[in-house]
Amino acid sequence: MLKRVRSLLLENKTTRQTIAKNTFWLFFGNISSRLIKAGIIIYAARILGAEDWGVFSYALSLAAFFTVFTDFGMSTVITRESAKDLSVQEKYFATSLVLKIAMTIVSIAVFLALAPLIVKQKAVMALLPIIILLVSLDGMRDFAASLSRAWEKMEIEAAIQILTNIAIVIGGFVALYYYQTSYALSVGYTIGVGIGMLAAFYPFHHYFKNLKQTFDPKLIKPILHASWPIGMLGLMTATMLNTDTIMIGWFRDISEVGYYSAGQRIAQIIFMVPALLTTALFPSFAKFAFDKERFGKAIEKSLLILLMVGIPMAIGGAFLAKDIMYIVYGDQYLAGSLAFAIMSLTFISGFIAPVLGNAIFALNKEKQLFTYIALGIGGNFLFNLIFIPVFGIAGAALSTLLNQTIITIYLSHKLKKEVTISIRKKLANILTASFILFVAVFGLSLLEFNAIVIIIAAAAAYGYVLHLLQEPIFVEVANPIFRRIKST
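Just so you know, the UniProt record's numbering puts the end of the sequence shown at 488, numbered straight through with nothing missing.
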C-alpha cells in the first residue's frame with residue numbers, strides 16, 4: 001500500500017499520473033503553507049495592533065510592488081524552456097540568475113531613491129531595508145522553485161513552501177514573543193524566508209560550480225523578450241494586490257492600513273480556491289484548445305464550479321463580515337468590517353476571472369490580455385483616487401469591486417468572440433440555492449445565532465438544496481465524496 005502511494009505521489013510514470021500528482025502537490029503545498037502562515041498573520045495582527053500591523057503591511061506592500069521588476073516573468077520562462085528540454089536548464093539558470101541579481105540591485109536602488117518621496121511615515125521608512133531584503137530573498141526562492149516545476153516535481157516545491165512557512169512562523173512567533181514590534185516581526189519573517197531560499201536552491205547547488213561556463217549572453221535577449229508579457233500580468237496582479245494599501249497610506253491614517261490589510265488577508269486565503277483550480281485546469285484548456293466544442297464545455301464547467309463556491313462565499317462574507325473579523329482578529333479590527341463586507345462581493349467576479357484569462361492564454365490570444373492589464377492597473381488607480389479620500393478603506397474595497405467586475409466583463413466579452421460559452425440557464429439551480437442560503441444567513445443573523453453556527457447551517461442548507469435540485473455540477477463533485485464516505 002505504502003509503495004503504491006509513494007509511486008503515485010513521488011514518481012513520474014505516465015502523463016495523466018504526473019498531472020494528477022503535480023496537481024495534488026500544488027494544492028497540498030499551497031493550502032498547507034497558507035494555513036501555516038495564517039497562524040503567524042493572525043497572531044501578529046492581534047499582538048501588534050492596527051497601527052503597528054499597518055506599518056508592517058504598508059512596508060511589505062510597497063516593497064512587494066517594486067520587486068515585481070526583479071523577475072518580470074523570467075521564472076516562468078525558465079520553467080517553460082527547461083520543461084521542453086532539461087539539457088538547457090543549466091544555461092537558463094546561470095543566465096537568468098545573473099539577470100535577476102542585476103535587476104534586483106537596480107530595482108532596490110530605484111526604490112530606495114523614490115521611497116522618501118512616496119512614504120511619509122517614519123516608522124515605515126525604518127522598516128523598508130529589512131522588508132526589501134525579505135521580498136528579495138522570497139523572489140530568489142520562487143526563482144529556484146521554477147526549476148523544480150520544469151522537472152515536473154511539484155513535491156519538491158510543496159516541501160519547500162511548507163518548510164519556508166514553518167520557518168516564518170517559528171521566526172515570527174519567537175520575535176513577537178520577545179519584542180512585540182513590527183521590526184522584530186520583519187526580522188523573524190526574513191530569517192524564515194532565507195531558510196526557504198537556501199532549501200529551494202539546494203537541489204541545484206551543483207549548478208553554481210559551472211556558473212561562469214554555463215552563462216550564455218546570447219540567451220539574455222530571448223529571455224527578456226519572452227518574459228515581458230508574463231511580467232506585465234505579474235505587474236497587474238501586484239498593482240491590484242498592493243495599490244489599495246499604498247494609496248490608503250497616502251490619504252489616510254496608517255491604522256486604517258492595518259484594518260484593511262486584516263480583511264484583505266482573509267480574502268487572499270479564500271482566493272486560493274480559484275487560483276489553484278485554474279492552475280490545475282490549465283493543462284486541460286491547452287489540450288482542448290483546438291477542439292472548440294470540448295474547450296467551451298471545459299470552460300463552462302469550470303465557471304459553474306467556481307460560481308457554485310464563490311456566490312455563497314460572497315453572501316456569507318458580506319453579511320457576516322463583522323463576526324468573521326471578530327472571530328479571526330478580536331474586537332480591535334472591527335473598524336475594517338465594512339471594507340471586508342464589500343471586499344467579499346469580489347469573490348463572484350474574482351473567482352471566474354482567472355479561468356477566463358487562462359482560457360484566452362490557452363488559445364494563444366495573450367495579446368488581448370494587454371487591454372485587460374491596462375484596465376486593471378488604470379482602473380484600480382483611478383477608482384482608488386476617487387473613493388479613498390472620501391470613503392477611506394471602504395472606498396478602497398469599493399474600488400476593487402468595481403474594477404474587478406469591469407475587467408471580468410471585458411475578459412468574458414473577449415473570450416466569447418473565440419468560443420461559444422453560455423452558463424445563464426445552467427445557473428438556475430445555483431442561484432436558487434444561493435437565495436435559500438441568503439435567507440438562512442439573514443434569518444439566523446436576526447435571531448443572533450453564533451456566526452460559526454450560521455455558517456455551518458447555511459452551508460448545509462445550500463448543499464441540501466443543490467442535492468434536492470440534482471444540480472449536475474454539485475452531483476458530479478459531491479457523489480464520489482459521498483460514495484467514499486459510505487465505503488469507509
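No residue lacks a Cβ here, since even glycine has one placed at the ideal position from N, Cα and C.
Predicted, not measured: the structure shown is a model, and the values here were computed from it.
Exposure label - residue i; buried when at least 16 CB within 10 Å
i: Ser-107; result: buried
i: Arg-294; result: exposed
i: Asn-479; result: exposed
i: Thr-79; result: buried
i: Asp-71; result: buried
i: Asp-291; result: exposed
i: Lys-100; result: buried
i: Asp-138; result: buried
i: Tyr-179; result: exposed
i: Arg-265; result: buried
i: Ser-87; result: exposed
i: Leu-446; result: exposed
i: Thr-245; result: buried
i: Arg-424; result: exposed
i: Val-453; result: exposed
i: Thr-420; result: exposed
i: Asn-450; result: exposed
i: Glu-476; result: exposed
i: Tyr-372; result: buried
i: Gln-89; result: buried
Residue i - DSSP class collapsed to helix/strand/coil
i: Tyr-333; result: helix
i: Asp-216; result: coil
i: Tyr-410; result: helix
i: Tyr-179; result: coil
i: Asn-384; result: helix
i: Glu-418; result: coil
i: Arg-265; result: helix
i: Glu-471; result: coil
i: Ile-352; result: helix
i: Asp-138; result: helix
i: residue 489; result: Because the chain in this structure spans residues 1 to 488, residue 489 falls outside the shown range and cannot be described.
i: Ile-160; result: helix
i: Asn-450; result: coil
i: Leu-320; result: coil
i: Lys-21; result: helix
i: Leu-398; result: helix
i: Gly-392; result: coil
i: Lys-37; result: helix
i: Lys-292; result: helix
Beta-carbon contacts of residue i that lie in its chain and below 7 Å, excluding the five residues immediately before and after
i: Met-140; result: Met-197
i: Ala-123; result: Val-55
i: Ala-44; result: Trp-53, Gly-172, Leu-176 and Leu-185
i: Pro-115; result: It is worth fixing the name first, because residue 115 is Ala in this sequence and not Pro. For Ala-115, where only same-chain residues beyond five positions count, the Cβ hits under 7 Å are Met-125 and Leu-128.
i: Ser-412; result: Leu-356
i: Val-193; result: Leu-134, Leu-137, Asp-138, Arg-141, Thr-164 and Ile-168
i: Thr-67; result: Ser-107, Val-135, Ser-136 and Gly-139
i: Arg-34; result: Ile-269 and Met-272
Of the residues the options, the one placed nearest residue i, counting alpha carbons only
i: Ser-61; options: Tyr-462, Ala-226, Phe-111 and Asp-331; result: Phe-111
i: Leu-26; options: Thr-181, Leu-277 and Met-313; result: Leu-277
i: Leu-97; options: Gly-310, Arg-265, Ala-460 and Leu-211; result: Leu-211
i: Gly-342; options: Ala-397, Leu-304, Ala-262 and Lys-365; result: Sequence check: residue 342 is Ile here, not Gly. If we check each option's Cα against that of Ile-342, Ala-397 comes out closest.
i: Ile-160; options: Ile-270, Tyr-202 and Val-453; result: Tyr-202
i: Thr-104; options: Ile-254, Gly-463, Leu-363 and Val-135; result: Val-135
i: Ile-305; options: Asp-216, Tyr-372, Ile-430 and Ser-57; result: Ile-430
i: Val-441; options: Leu-427, Ala-321 and Ala-226; result: Ala-321
i: Arg-46; options: Glu-155, Leu-437, Asp-331 and Tyr-58; result: Asp-331
i: Phe-24; options: Val-328, Met-154 and Val-119; result: Met-154
i: Arg-252; options: Phe-65, Glu-90, Asn-384 and Ile-407; result: Asn-384
i: Phe-435; options: Tyr-260, Asn-30, Ala-459 and Ile-42; result: Ala-459
i: Met-74; options: Ala-461, Ile-220 and Tyr-260; result: Ile-220
i: Gly-463; options: Leu-363, Thr-405, Met-313 and Tyr-326; result: Met-313
i: Tyr-58; options: Leu-48, Ile-248, Ile-40 and Ala-113; result: Ile-248
i: Thr-400; options: Leu-437, Ala-158, Glu-256 and Asn-242; result: Asn-242
Nonlocal neighbours in the same chain, by C-beta distance under 8 Å from residue i, ignoring five residues either side
i: Tyr-183; result: Ala-126, Leu-127 and Ile-130
i: Val-390; result: none
i: Glu-471; result: Met-308, Asn-429, Ile-430 and Ala-433
i: Thr-408; result: Ser-349, Gly-350, Ile-352, Ala-353 and Leu-356
i: Asn-380; result: Thr-239, Met-240, Thr-243, Asp-244, Ser-399, Thr-400 and Asn-403
i: Pro-217; result: Thr-95
Cut-off 6 Å between Cβ atoms - residues of its own chain near residue i, not counting five sequence neighbours on either side
i: Gln-121; result: Ile-254
i: Phe-93; result: Tyr-207
i: Ala-267; result: Met-343
i: Pro-274; result: Leu-306, Phe-351 and Pro-354
i: Ser-337; result: Ala-321, Lys-322 and Met-325
Contact test: residue i Cβ vs the ligand COA heavy atom, cutoff 8 Å
i: Glu-51; result: Here there are no bound small molecules, and the ligand COA is not part of this structure.
Going residue by residue through the region 183-250, where are the continuous beta strand (DSSP E) segments of at least 3 residues, counting only ones entirely within it?
Runs of the beta strand (DSSP E) inside the region 183-250: none found.
Ignoring anything shorter than 3 residues or poking outside the region 47-123, list the beta strand (DSSP E) runs there in chain order.
As far as the region 47-123 is concerned, it has no whole beta strand (DSSP E) run of at least 3 residues.
Which runs of the alpha helix (DSSP H) spanning at least 4 residues fall entirely within the region 423-450, listed in chain order?
428-446, all fully within the region 423-450.
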